[in-house]
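To start, the structure itself, in structure tokens.
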Amino acid sequence: MKCWHYRRISSQEVDVQLHQRGVDVLLKVMDAADHIDQLSPNQAQALLREVAEVMSAILERDARHIVLENDPNHL
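Count along the sequence shown starting at 1, add 130, and that's the number in my numbering.
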């Protein structure tokens, strides 16, 4: 029987992971811009969806930080 050990991921680790995900998507977009004629419509759509997903997560994270900085009593 396997025993799984879980550890809590810190918010700083989550921020670093999200930042790296943003970097990865940016590199994909830059590559796609250089080879736009080689992208199929499905590939372009998938890339745009990934950009939207990552940007939404970054904006959500940033909004939480802004709220906490401006109102430390906010839960």
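Beta carbons: idealized from backbone N, C-alpha and C, even for Gly.
All of these numbers come straight from a predicted model, not from anything done at the bench.
Among the options, whose alpha-carbon lies nearest the alpha-carbon of residue i?
{"i": "L178", "options": "Q150, E190, E143, A163", "result": "A163"}
Do you know offhand how far residue i's Cα is from residue j's?
{"i": "E190", "j": "E143", "result": "16 Å"}
{"i": "M174", "j": "I188", "result": "For the sequence presented, residue 174 should be read as Ala rather than Met. Taking the straight line joining both Cα atoms gives about 21 Å."}
{"i": "R194", "j": "R138", "result": "20 Å"}
{"i": "A176", "j": "S141", "result": "28 Å"}
{"i": "E199", "j": "D192", "result": "10 Å"}
{"i": "D201", "j": "S186", "result": "22 Å"}
{"i": "D145", "j": "N203", "result": "22 Å"}
{"i": "Q147", "j": "H165", "result": "27 Å"}
Please return the same chain residues whose Cβ sits closer than 7 Å to the Cβ of residue i, not counting the five positions on each side in sequence.
{"i": "V155", "result": "E180, V181, V184"}
On the three-state DSSP scale, how would you describe residue i?
{"i": "N203", "result": "coil"}
{"i": "L169", "result": "coil"}
Any chance the region 151-170 sits against the region 180-189, with 3 or more Cβ pairs inside 8 Å?
yes
For the pair the region 165-175 and the region 143-151, tell me if three or more CB-CB distances fall below 8 Å.
no
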